[in-house]
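Chains A and B supply the protein sequences, listed in that same order. If you read the first sequence in this note's numbering, its first letter stands for residue 11, the second for the next number, and so on. If you read the second sequence in this note's numbering, its first letter stands for residue 2, the second for the next number, and so on. C-beta atoms are modelled at their ideal positions from N, C-alpha and C, and glycine is treated no differently. Below is one structure, written out as structure tokens, with a few remarks after it.
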Amino acid sequence: AQSVTQLGSHVSVSEGALVLLRCNYSSSVPPYLFWYVQYPNQGLQLLLKYTTGATLVKGINGFEAEFKKSETSFHLTKPSAHMSDAAEYFCAVRKYSSASKIIFGSGTRLSIRP
Amino acid sequence: SQTIHQWPATLVQPVGSPLSLECTVEGTSNPNLYWYRQAAGRGLQLLFYSVGIGQISSEVPQNLSASRPQDRQFILSSKKLLLSDSGFYLCAWSEPLKENTIYFGEGSWLTVV
């Protein structure tokens, strides 16, 4: 069965510092991988996704993530944090052979210190 | 363009009362539809998904049920709410292709008192 593990339920960085949110997946077949962001009291918004092809994926708001099959990881990064990046971030996986099911990690809350 | 509407946005219900949350998608046909729950301080839990009218898959045993009476309508229900049903409920949809993204509604806050 596929699953997603997000390391660290809460990450705090200073404004201007590197953001690194970790995600590891478990899947017996090549997965599709996603990062979503959730601002308070709102639904989720897609940041970026990996399906096939280039393993370094660029998303909105300056975020990017790299699919590393050997490490079964899909970590999210941003070179310089901004106050507006404070939110909850979710990693998700869809199994290649499944047309319908997406599984989410437990989420990481990102705080930005002035 | 496609849009997803979910209502009500907030709901306070007593224990033992019924529940009905509705979700509709516009601008697409035959979407995959989903209900997720996000309990306080916890991640997203997939409750139900549907690949077509009348086709519902349940992911976890619980006090809730889902129905899809029309192609772009997805309803989450309960006959008798429990305190543990409190949480943030999110409806979502995706195109019926393997690699496509899932899009979320704005969510419904349910507080059972």
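In the DSSP assignment, Thr25(B) falls within the beta strand (DSSP E) that extends over 20-27.
Rounded to whole angstroms, Glu25(A) and Leu56(A) show a C-alpha spacing of 23 Å.
Contact check for Gly18(A) against Thr118(A) passes: the beta carbons are separated by less than 8 Å. Going by beta carbons, Val23(A) and Ile113(A) fall outside the 8 Å limit.
When DSSP states are grouped into helix, strand and coil, Gly72(A) belongs to the helix group.
Using a Cβ distance threshold of 8 Å, His92(A) and Leu31(A) do not count as a contacting pair. Apart from sequence neighbours up to five positions away, the residues of its chain that approach Trp110(B) with a beta-carbon distance below 6 Å are Thr11, Phe89, ordered along the chain. Note on Val61(B): under 16 other CB atoms within 10 angstroms of its CB, so exposed under the neighbour-count rule. Here the C-alpha atom of Ile54(B) lies approximately 11 Å from the C-alpha atom of Ser30(B). With respect to the C-alpha of Ala96(A), the residue from Thr61(A), Leu58(A), Pro124(A), Tyr60(A) having the closest C-alpha is Pro124(A). Among the bridge pairs identified by DSSP, Gly88(B) is matched with Leu111(B). In terms of Cβ geometry, Leu58(A) and Gly72(A) do not form a close pair [threshold 8 Å]. With respect to the 8 Å criterion, Gly108(B) and Cys24(B) are not classified as neighbours on the basis of their beta carbons. Contact with chain B is found for Phe114(A), since one of that chain's Cβ atoms lies less than 8 Å from the residue's Cβ.
The Cβ-Cβ distance between Cys92(B) and Tyr50(B) does not fall below 8 Å. At least one beta carbon of chain B lies nearer than 8 Å to the beta carbon of Gly117(A). By the Cβ-count criterion, Ala67(B) is buried, with 16 or more other Cβ atoms from all chains shown falling within 10 Å of its own Cβ.
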